[in-house]
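Order-wise, the sequence lines are chains A and B. Counting from 10, one number per residue, gives the positions in the first sequence under the numbering used here. Counting from 20, one number per residue, gives the positions in the second sequence under the numbering used here. Ideal Cβ positions, reconstructed from N, Cα and C, are used throughout, including at glycine.
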Amino acid sequence: MSNLGQFDSDFYQSNYTIDNQEQSSEDSNAYGHVYGSRKQQASEQPQPVFVPSEMLMSSGCEGQFFQPASNPDYYSQSSYVDSFDEEPPLLEELGINFDHIWQKTLTVLNPLKPADGSIMNETDLTGPILFCITLGATLLLAGKAQFGYVYGMSALGCLGIHTLLNLMSSSGASYGCVASVLGYCLLPMVLLSICAVFSSLQGTFGTVLALVIVGWCSLSASKIFSSALGMKGQQLLIAYPCALLYGLFALLTVF
Amino acid sequence: MADPHQLFDDTSSAQSRGYGAQRAPSGLGYPAPSASPQAAFLADPVSNMAMAYGSSLAAQGKELVDKNIDRFVPVTKLKYYFAVDTMYVGKKLGLLFFPYLHQDWEVQYQQDTPVAPRFDINAPDLYIPAMAFITYVLVAGLALGTQDRFSPDLLGLQASSALAWLTLEVLAILLSLYLVTVNTDLTTIDLVAFLGYKYVGMIGGVLMGLLFGKIGYYLVLGWCCVSIFVFMIRTLRLKILAEAAAEGVPVRGARNQLRMYLTMAVAAAQPLLMYWLTFHLVR
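Shown next as structure tokens:
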């Protein structure tokens, strides 16, 4: 069908202008085909830059819409499909893209490489939550069931850093952005707590290791914040409160 | 049109066209339902309208909160006090520990508004007091922990008692400024900033006390007390005293004497409070 090919190319570029081209008279066959072709393209589709992403779980949620079969003006296409086989995989629906999470983790973990500011365009909370759960689990392995403290401190810390960043920078940071960066930079703390499982960290070596890890976490977090929010000459000033926050986590891990 | 797979009658084409246009740019997307009853529920035009209403209500609520927060907490004024950079913080900390060689204590102005702290070391800021306060609470927790007297609610107790003393100080000074009828451009936030600088000395004292025992604590605290006394006198002199007296020319008159006593009282209260808030942390 002629309109189908047109549909495919338009779909790849943007999800919102499709309704201009869609015909109102399409039968279910067309939807089946559309869905199949959409699945092929889903793997190559880049993460859209999503402004109101905080309203949903994560920004990877490409505008999937459901609408009645004959309401094409609503959104681009119907995705409430009749057949169970043609719906997208669960991870894609939830917007959890493991490859992306891995790339962001690698970027975050190298504190010496200058970061680009565009990393903050998509707030993705899946990675951070995964790291928090891993931290709680490794603490549990070491015998401390302190999930509540981990979550409480991370929530309060995110709130505090969000307030400070909004006051210090000319362009404010959204809460999701702050939570995402702080969560990604929590990964070295997970390494510290894994070390705590094998040997007690209360000696000199443990203190030095904890200090190094806290420095690593806060340097990467402040590097990302200062490059994403355009704050000049304030990286150390941002690193200090982040170091205080990660120091609290280190206290939790060591003692 | 008769679509055999359609689950309900298409009653919404007319109205959906209307707010379909405004819904599309709002960018709300939903995950595809796997079962048709969910689809029927969420595709139902009434629930779509409800969702549109809910999202607009949320946006309105956020606007309302922002407007009201601006009334109680002057965010733009606060932003001035946080416009700092690393050089300023370093130099200011040096000044707090060693104010004896600094000559010019006047805040520079730029067309009636004071210059941002980033550009003038004499301008007060809120970053150092805020960070010093939080660090003080954490260091107090650390000190209590090394003496095996730590529990998380003690941290909260320390934080709230320090905050209560700060509030009391600010109120007392505001009251005395009002009673002495001083015409000064010392705002409340400025006052909070100046009074918050003593936490830096307190942190130094407690850390030295942790490392070197009581001798170290008393030495460093003594040094910081004298420094903050000099710092406060030199800073407040310019704000509270009249112009002539500030330049060093002694002006006779009961009013100026009263103002000088007030400045000295404020400056003398700082070492006292520094000792009061830290001596129980170092054994």
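Please list the partners that residue i has in chain A, where partner means a Cβ-to-Cβ separation under 9 Å.
i      : result
B/I153 : G169, P250, L253
B/V10  : Nothing can be reported for residue 10 of chain B: it is not among the residues displayed for chain B, which extend from 20 to 302.
Taking C-beta pairs closer than 8 Å, name the residues in chain A that residue i reaches, listed in chain order.
i      : result
B/L182 : Result: empty, since nearest Cβ-Cβ is about 15 Å, beyond 8 Å.
B/F101 : L173, L176, M177
B/L157 : L253, G256, L257
B/D104 : K241, G242, Q243, L246
Listing by chain order, which chain A residues have their CB less than 7 Å from the CB of residue i?
i      : result
B/K98  : L176
B/Y146 : L246
B/V108 : L246
B/M150 : Y249, P250
Exposed or buried, what is residue i when buried is set at 16 or more other beta-carbons lying within 10 Å of its beta-carbon?
i      : result
B/L296 : buried
B/A151 : buried
B/R278 : buried
A/S67  : For A/S67, the pLDDT reaches just 43, beneath the cut-off of 50, and the residue's location in the model is therefore unreliable, leaving the point undetermined.
A/N106 : buried
A/F140 : buried
A/S231 : buried
B/L214 : buried
B/L300 : buried
B/A78  : exposed
B/V94  : exposed
B/G228 : buried
A/P98  : exposed
A/V187 : buried
B/P171 : exposed
B/V156 : buried
A/Q112 : exposed
A/E96  : buried
A/N175 : buried
B/M293 : buried
B/S53  : Below a pLDDT of 50, predicted positions are generally treated as unreliable, and B/S53, at 47, falls in that range; no measurement from the model is reported.
B/R137 : buried
B/A69  : exposed
B/M251 : buried
B/R168 : exposed
B/S75  : exposed
Taking residue i as the query, report the chain B residues whose CB atoms sit under 9 Å from its CB, ordered along the chain.
i      : result
A/G157 : None at all; the shortest Cβ gap to chain B is about 11 Å.
A/G152 : The contacting residues do not exist; A/G152 stays about 19 Å from chain B at best.
Just tell me which of the options has its CA closest to the CA of residue i.
i      : options                        : result
B/M221 : B/P148, B/T206, B/A71, B/Q276  : B/P148
A/V159 : A/P137, A/H171, A/N175         : A/P137
A/G192 : A/I110, A/E96, A/F93, A/E101   : A/I110
B/Y207 : B/T186, B/L226, B/V225, B/M227 : For the sequence presented, residue 207 of chain B should be read as Thr rather than Tyr. Answer by Cα proximity: B/T186.
B/Y99  : B/P118, B/T132, B/P64, B/L260  : B/T132
A/S235 : B/Y72, B/D104, B/K96           : B/D104
B/D123 : B/A142, B/R137, B/V108         : B/A142
A/T116 : A/L174, A/L144, A/L196         : A/L196
A/K241 : A/Q211, A/M177, A/G152, A/K153 : A/M177
A/L150 : A/Q243, A/I247, A/V199         : A/V199
B/A273 : B/V201, B/F231, B/S66, B/V285  : B/V201
A/S227 : A/F214, A/Y249, A/V206         : A/Y249
B/H121 : B/A159, B/I140, B/Q177         : B/I140
A/I247 : B/Y146, B/V134, B/L83, B/G164  : B/Y146
A/L103 : A/L118, A/L261, A/T114, A/D133 : A/D133
B/L257 : B/L196, B/S75, B/L205          : B/L205
A/Q244 : A/L173, A/L220, A/I142         : A/L173
A/G181 : A/A237, A/T216, A/T135         : A/A237
A/G152 : A/G161, A/G224, A/S208         : A/S208
A/T135 : A/F93, A/T114, A/N119, A/A146  : A/T114
B/L190 : B/V211, B/V108, B/I259         : B/V211
B/L97  : A/S179, A/V217, A/A154, A/L148 : A/S179
B/K110 : B/D144, B/A162, B/E82, B/K86   : B/D144
Query raised in the report: Are the stretch 243 to 250 of chain B and the stretch 270 to 289 of chain B in contact at 8 Å, needing three or more beta carbon pairs?
Result: Segments in contact, yes.
**Report entry** Inside the stretch 104 to 131 of chain B only - beta strand (DSSP E) runs reaching at least 3 residues
**Finding:** Listed in chain order, nothing qualifies, since the stretch 104 to 131 of chain B has no complete beta strand (DSSP E) run of 3 or more residues.
Query raised in the report: Enumerated in chain order, which unbroken segments of the alpha helix (DSSP H) with a length of 4 residues or greater are wholly contained in the stretch 147 to 196 of chain A?
Result: List check, alpha helix (DSSP H) in window: 156 to 177, 184 to 193.
Report task. Please specify which runs of the alpha helix (DSSP H), each continuous and at least 4 residues long, are wholly inside the stretch 146 to 182 of chain B, giving them in chain order. Result -> Qualifying alpha helix (DSSP H) stretches, in chain order: 146 to 165.
**Report entry** the stretch 252 to 259 of chain A / the stretch 162 to 176 of chain A touching (three or more Cβ pairs under 8 Å)
**Finding:** Using a Cβ-Cβ distance cut-off of 8 Å, the stretch 252 to 259 of chain A and the stretch 162 to 176 of chain A are in contact, since at least three pairs of beta carbons, one from each stretch, lie closer than that value.
Report task. Would you check if the stretch 108 to 118 of chain B and the stretch 215 to 234 of chain B touch, i.e. whether three or more CB-CB distances between them fall below 8 Å? Result -> Enough Cβ pairs lie closer than 8 Å, so yes.
Query raised in the report: What are the start and end residues of each continuous alpha helix (DSSP H) run of 4 or more residues lying completely inside the stretch 205 to 280 of chain B, in chain order?
Result: Runs of the alpha helix (DSSP H) spanning 4 or more residues and lying entirely within the stretch 205 to 280 of chain B occur at 207 to 215, 217 to 259, 262 to 265, in chain order.
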